[in-house]
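This report concerns only the one structure given below.
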């Protein structure tokens, strides 16, 4: 795209929001936080399904411990206890 075309396109763009560069909309931060929280909850539920659905055999012991550690870490990040 040439310079003339770029100027034409950029002149149609709205002005950046007041508050300076990098200022984030609090609603956007709230939405991002809610999405992150929901993704962590989904992962906790997925791990619980895997932990409960895996046979209690020595072959799966290390995998189950890994899943349980991940689950505990996520619960800690979510401030949810057992």
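Numbering (the working numbering), first residue to last: 24 to 105. Beta carbons: idealized from backbone N, C-alpha and C, even for Gly.
Helix, strand or coil at residue 86 [DSSP, three-state]: The answer is helix: DSSP assigns residue 86 an H, G or I state.
Beta-carbon contacts of residue 91 that lie in its chain and below 7 Å, excluding the five residues immediately before and after: Cβ within range, chain order: 74.
Residue range of the alpha helix (DSSP H) that includes residue 101: Per DSSP, residue 101 belongs to no alpha helix (DSSP H) and is neither H nor E.
is_contact[residue 78, chain B] using C-beta, thresh 8 Å: No chain B is part of this structure, which consists of one protein chain only.
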